[in-house]
Structures are given as C-alpha cells and as structure tokens.
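Below is one structure, written out as structure tokens, with a few remarks after it.
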Amino acid sequence: MRRRTRRQKAILVAVLAVLALGAMATGCLWEREDNTFGSFCAAAVGGEEHCVGENLGPSIAWSQAEKDGALPIEMWATWPNNKTLDAIVASGYSLDVWFRHVDEAIDYVRDNARNAESLRATLAGKLASLLDEATDRQRALLAQAPVDAAGNFKAAMTEKASAEKEPLVAALAADKQAMAVVQAIFDQARSDAAPLRSRYAGAAARFAPYRATEAAETAAYAALSKQASRSDVEGLDGVEQALLAAAREASRAPNELAAEVMALSAELQVFAASFDEAMAPHREFLATHGAVLPDMTSVALRSLSAMLGYMQRRVARSDATATALLGGIALRRQALSVLQMDEGARGAIARSRIRRASEAFGEHARARAAALSAPPPVSEKLGLPLLAERCGELSALVQMRPLCEAAGSSWREAGCAALRERFDAAEAELRTGLPRQIAAGLAALREKGMAAAALDAAEAKLAAGDVKGAAMAYDAAVRGAEGI
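Read in the working numbering, the sequence shown has 86 at position 64, and its numbers run on one by one without any break.
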C-alpha cells in the first residue's frame with residue numbers, strides 16, 4: 023500500500039472538509055501585475071485582491087488582504103507573466119517556477135497563517151481555476167498535434183505528483199472513489215436532515231414565546247381567584263367558565279407542542295441511526311485521514327428534551343392550580359346559595375345545571391366510545407399499525423374511570439353508561455395489548471433491515487413501562503422505514 027506523508031494527509035483532510043461542507047471560495051476580479059516570474063495574490067471575503075511580485079513572497083500579499091478584516095483569505099500564485107500560456111505549458115522550467123510558487127502559497131496558508139478556512143478557500147478557489155485553465159489548454163494543444171508542449175506538461179505534472187511536490191493530486195487520485203461515496207452519503211444526509219432542521223427551528227420558535235407567558239398565566243389565575251372571592255352566585259358562573267377556558271388554553275398549546283417535540287425527537291434518533299449505519303463501512307477511511315463524523319442530532323435532542331420537561335412540569339402546575347380554584351368556587355357557590363335562596367329555588371337551579379352537564383358529558387363520552395370502536399390506522403406501504411394516537415385515546419379513557427365510579431356521579435351516568443363497559447378492556451389493552459402490538463411491529467421492522475438503534479430505543483421505552491413513548495418511537499420507526 024502506498025504510504026502518504028503527513029502533508030498529504032493534512033491537505034486531503036482539508037479537501038474532505040470542502041466536499042462534506044460544500045464550501046465554495048468567492049471569486050475576485052483582478053489585473054495581473056507585470057512581474058516576470060509571476061505574482062502571489064490574496065483576497066479576503068468581500069475584499070479586493072492584493073497581488074505582489076513573487077520576489078516579495080506570499081506573506082506580503084496575505085498581510086495586505088488581512089487588512090480588509092474578513093477571513094477566510096484565499097491565496098494563489100499566477101504563472102510567469104512574460105510568457106503565453108502555450109509557452110508555459112511547453113516549458114518544463116516555467117512549469118517548475120510556477121509549481122514552486124503554488125507550493126509556497128499553500129505552505130504559507132497552512133503552516134504560517136494556520137487557518138483551516140483559508141486553506142479550504144485556497145485549495146478550491148482561484149488556484150484550482152488556474153490549474154484547470156492550464157489543463158484545458160494542454161488538452162487543446164494535444165488535440166491539435168502531439169507537440170512536446172503537451173508531453174512536457176503531462177510529464178511535469180506526473181513528476182510533481184510522484185515526487186509529492188503536489189500531494190493533493192496524488193492523494194485525490196488514489197482516494198477519488200472512496201471520497202465520492204462518502205460525499206454521496208454526506209449529501210444524502212444533508213438532504214434528509216433539511217426538513218428535520220426546519221421542524222426543529224419551528225418548534226424552538228414556538229417554544230420561546232410560550233415560555234415567556236408563564237408569568238402572565240400565573241397572574242391570570244391570581245386575578246380569577248381574587249374575582250371569585252368577591253363574586254355572587256351569578257358572577258361565579260362567569261369566573262368558573264373563564265377559569266376552565268384559561269386551564270384549557272394553558273394545556274392546549276403545550277400539549278400540541280409536546281406531541282410535536284416527542285415525534286421530532288423520535289425521528290431525529292432514527293435519522294442519526296441511519297446515518298451512522300450508512301457511514302459504518304467508511305469509518306476506517308475517515309480515520310486514516312483524520313476526519314471525524316459530524317454529530318448532527320445530539321444538541322437538538324438535548325434541547326427538545328429540555329423543552330418537553332419544562333412543558334410537562336408547567337402543565338402539571340397549571341392543572342393543579344385550576345383544580346384548586348374550581349374547588350374553591352364550588353364551595354363559595356354552595357355557601358352563597360344557602361344564604362340567598364330557598365330550598366325550592368336551589369333545587370331547580372341544581373337540576374338545570376346537572377341536566378346541562380349530563381348532556382354535555384354524555385355527548386363527549388359517546389364520541390369517545392365511537393372513536394375507540396374503530397381499529398388503529400395502518401401504514402401505507404408496510405401495512406403495520408400506527409399506535410401512538412390510539413395509546414393517547416386509551417389513556418384518556420382510563421383517566422375518566424374515577425369520574426364514573428366516584429360517589430355523586432349520577433349526573434354523569436348517561437355518559438358513563440357508554441364508557442363503563444370499556445374501562446377494563448382499555449386498561450387491558452394499555453397493559454398488554456398495545457405492548458404486544460408494538461413488540462410485534464418492531465420485530466417486523468428488524469426483519470426488514472430497519473436501523474437497529476431506533477428499534478432498540480423503542481424497545482427500551484417499552485421495557486421501562488413507557489407505553490406512550492414506545493408507541494411514538496415505534497410510529498416514527500415505521501414512517502422512517504417507509505421514507506415518510
């Protein structure tokens with residue numbers, strides 16, 4: 023196997039970075055100085071070009087460009103200006119002069135300036151264009167006639183690569199195929215990550231204003247509590263409705279955002295596992311050249327986890343506050359009713375309110391029962407069940423069981439009658455049915471070659487008793503397997 027020098031490896035790593043990150047050097051407009059043996063030129067981002075005679079060295083051109091104040095700085099060496107390009111291609115001496123200047127420019131950026139971004143810009147910018155121009159001219163001459171100019175140019179380039187005066191050419195020639203495969207994987211990863219990155223940005227943008235409303239939410243509860251303590255029986259109805267509306271709104275936005283965050287976290291884990299699996303055959307190649315696999319997901323996953331934890335804690339606090347205030351309103355209403363109304367009036371009002379509440383609860387219960395009667399949806403391509411939504415519906419139903427079993431729940435009886443026979447089945451499905459379906463679906467995905475890391479994460483949640491989290495991770499894995 024051909025051994026590479028440290029210089030070869032360093033420049034190849036820079037080229038890999040250029041390919042992986044899609045770096046492109048900015049162009050510049052310039053008029054070449056009338057310097058017999060060529061010039062050293064440098065240009066900063068957004069700055070003008072600075073060229074000096076080759077006898078002054080690359081440091082002078084760099085210093086002038088550095089005054090423009092923006093990195094990276096691109097450097098290149100022009101060929102001798104006292105000859106035509108045809109003459110340069112035909113002259114081994116002129117080529118040797120130019121190649122030495124090219125080496126000096128690259129060496130200065132790498133060893134003296136020590137700026138990686140500038141090295142990438144230098145390797146991919148004007149210097150590459152000048153080499154391409156000389157190559158194109160050589161090909162044109164070769165097509166016209168087999169003149170010595172073409173042979174001299176080719177021989178000089180071959181000798182230079184063989185002697186490792188231009189390690190970039192030799193290294194690229196040996197690793198071109200492997201680099202093309204790695205580049206294709208990077209390109210595909212960037213393409214796959216784009217919608218996930220956009221969704222993460224959207225979630226973060228919605229989370230920031232939501233978090234800023236916590237003080238206002240607390241103040242609103244305090245104001246409603248104060249208003250309730252001063253209201254009569256009729257006024258308490260409005261306060262109670264306002265409190266219920268505030269509690270629903272305090273839960274609606276974070277619940278929607280939390281569901282999005284959990285789904286996005288699961289999809290990011292699937293993406294990371296797929297990328298690692300795709301890059302696994304090329305790890306030795308990257309390690310040989312000192313390249314490190316980029317970590318595309320861990321920061322986003324930590325951020326999403328922090329968002330989710332905050333939302334869950336805040337919703338719990340809001341629910342507890344609203345529940346306590348509703349209890350206080352109920353006690354005040356009872357006290358005021360005793361003071362202001364006779365027994366007949368109190369009974370009529372109670373019956374009216376119970377009737378309205380019973381009708382609303384019954385309608386809601388019947389709708390929930392009808393939804394649970396339908397089977398869960400299945401994925402389009404694999405035909406596997408999608409279980410996260412059903413898990414949420416079953417959990418909501420089980421949470422209603424105490425309402426239908428508590429003393430004094432007669433006004434809810436019409437709705438409870440539609441739900442009571444489903445409670446045991448719902449608990450059993452949550453405890454055993456859904457976990458079995460998730461486990462079977464994960465096994466089917468393994469057989470189809472789905473990334474093991476994503477499936478392991480879902481199984482870990484299932485083993486820990488987090489059925490809802492496992493269902494969401496499983497759904498994300500199914501959609502990932504179908505390319506959704």
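A virtual CB, placed ideally from N, CA and C, is assigned to each residue, including glycine.
DSSP three-state assignment for residue i, whether helix, strand or coil
| i | result |
| --- | --- |
| residue 120 | helix |
| residue 137 | coil |
| residue 92 | coil |
| residue 343 | helix |
| residue 50 | Residue placement at residue 50 cannot be trusted, given a pLDDT of 38 that sits under 50; the coordinates are not used to answer. |
| residue 113 | coil |
| residue 189 | Unreliable positioning characterises residue 189 in this predicted model, as indicated by a pLDDT of 47, which lies under 50. A coordinate reading is not provided. |
| residue 379 | helix |
| residue 333 | helix |
| residue 106 | coil |
| residue 211 | helix |
| residue 206 | helix |
| residue 224 | helix |
| residue 180 | Note that residue 180 scores 46 on pLDDT, short of 50, meaning its location in the model is unreliable; the coordinates nonetheless yield the value given after this. Three-state result, residue 180: helix. |
| residue 79 | coil |
| residue 366 | helix |
| residue 147 | coil |
Beta-ladder partner(s) of residue i, from DSSP
| i | result |
| --- | --- |
| residue 62 | 74, 99 |
| residue 400 | 407 |
Buried versus exposed call for residue i [16 or more other C-beta atoms within 10 Å across all chains shown]
| i | result |
| --- | --- |
| residue 243 | buried |
| residue 460 | buried |
| residue 222 | buried |
| residue 501 | buried |
| residue 220 | exposed |
| residue 296 | buried |
| residue 454 | exposed |
| residue 286 | buried |
| residue 58 | exposed |
| residue 343 | buried |
| residue 456 | buried |
| residue 355 | buried |
| residue 494 | buried |
| residue 116 | buried |
| residue 470 | exposed |
| residue 483 | buried |
| residue 491 | buried |
| residue 231 | exposed |
| residue 446 | exposed |
| residue 340 | buried |
| residue 432 | exposed |
| residue 319 | buried |
| residue 374 | exposed |
| residue 434 | buried |
| residue 444 | buried |
| residue 147 | buried |
| residue 267 | exposed |
| residue 400 | exposed |
| residue 497 | buried |
| residue 334 | exposed |
First and last residue of the uninterrupted alpha helix (DSSP H) at residue i
| i | result |
| --- | --- |
| residue 319 | Residue 319 -> no alpha helix (DSSP H), and no H or E assigned at all. |
| residue 301 | 255–301 |
| residue 494 | 489–503 |
| residue 451 | No alpha helix (DSSP H) contains residue 451, which DSSP labels as neither H nor E. |
| residue 130 | Where residue 130 is concerned, there is no enclosing alpha helix (DSSP H), given that its DSSP letter is neither H nor E. |
| residue 67 | Per DSSP, residue 67 belongs to no alpha helix (DSSP H) and is neither H nor E. |
| residue 240 | 236–252 |
| residue 3 | Look at the range of the chain in this structure, 23 to 506, and you will see that residue 3 is not part of it. |
| residue 423 | 423–427 |
| residue 482 | 474–485 |
Presumed contact (8 Å Cβ cut-off) between residue i and residue j, rounded CB distance
| i | j | result |
| --- | --- | --- |
| residue 85 | residue 75 | That pair is no contact at about 14 Å. |
| residue 395 | residue 436 | In fact, because the Cβ distance is near 18 Å, the residues do not count as touching under 8 Å. |
| residue 402 | residue 504 | 7 Å |
| residue 140 | residue 94 | 4 Å |
| residue 143 | residue 123 | The Cβ separation is near 18 Å, so there is no contact. |
| residue 163 | residue 118 | That belief does not hold up - the Cβ atoms of residue 163 and residue 118 are roughly 19 Å apart, past 8 Å. |
| residue 261 | residue 376 | The pair is not a contact, with the Cβ atoms about 20 Å apart (cut-off 8 Å). |
| residue 464 | residue 474 | Rounded, the Cβ-Cβ distance is 10 Å, inconsistent with contact. |
| residue 67 | residue 92 | 4 Å |
| residue 225 | residue 282 | 6 Å |
| residue 415 | residue 393 | 6 Å |
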